[in-house]
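Down below is the structure, laid out as structure tokens.
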Amino acid sequence: GAGHLSTEAADFFRKCNVPRLERISGCRPGRWSSCLKPVNMLVGYGSTEAGNLAMNGIMSTHVEWRLRPIDSHEETSYTTTGVGELEVKTGDMMFSGYLDDTAATTAAFTKDGFYRIGDIVSIRNCHG
Numbered sequence: 004g005a006g007h008l009s010t011e012a013a014d015f016f017r018k019c020n021v022p023r024l025e026r027i028s029g030c031r032p033g034r035w036s037s038c039l040k041p042v043n044m045l046v047g048y049g050s051t052e053a054g055n056l057a058m059n060g061i062m063s064t065h066v067e068w069r070l071r072p073i074d075s076h077e078e079t080s081y082t083t084t085g086v087g088e089l090e091v092k093t094g095d096m097m098f099s100g101y102l103d104d105t106a107a108t109t110a111a112f113t114k115d116g117f118y119r120i121g122d123i124v125s126i127r128n129c130h131g
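For the sequence shown, the positions run 4 to 131 when the numbering used here is used.
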């Protein structure tokens, strides 16, 4: 897994220049500075169990999601903004369960089929 990419780290990588692999007019060995281009960066978020969930902070369109309040154990108390534990459904991308571990599979899913990611997330604006 990976952790959150800090703003400082993202800014650093966006300012980097790297040589392009494709042939560029006027680009010759020893003159690489003429071949340097900005780095294009995508920040992905997902899990092995549920696949790709978001890219650059925007939830993918195939993902049905909701937030469970952190201290709530009820399966009827959900929100789409604020801070909470992320639960998702991703259709055919979703895994069907843990091999030979029925107890872990049961614990990983809500009664209505959402996968409990286990990550506490903050959603500021779910409408773009």
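Heads up, the beta-carbon is just placed ideally off N, CA and C, and yes, glycines get one too.
Exposed unless 16 or more other CB atoms sit within 10 angstroms - verdict on residue i
| i | result |
| --- | --- |
| Leu8 | exposed |
| Ile61 | exposed |
| Phe117 | buried |
| Cys19 | exposed |
| Leu56 | buried |
| Gly87 | buried |
| Leu70 | buried |
| Leu89 | buried |
Helix, strand or coil at residue i [DSSP, three-state]
| i | result |
| --- | --- |
| Gly100 | coil |
| Glu67 | strand |
| Thr82 | strand |
| Ala53 | coil |
| Asp134 | As displayed, the chain neither begins before 4 nor continues past 131, which places residue 134 out of reach and without an answer. |
| Asp74 | coil |
Proximity below 7 angstroms, CB of residue i to CB of residue j
| i | j | result |
| --- | --- | --- |
| Gly47 | Met58 | yes |
| Val1 | Val91 | Because the chain is modelled from 4 through 131, residue 1 falls outside the range shown and cannot be assessed. |
| Gly100 | Thr108 | yes |
| Ser63 | Pro72 | no |
| Ala53 | Thr105 | no |
| Phe16 | Met44 | yes |
Which residues DSSP lists as bridging residue i, in chain order
| i | result |
| --- | --- |
| Gly116 | In DSSP, Gly116 forms no bridge with anything. |
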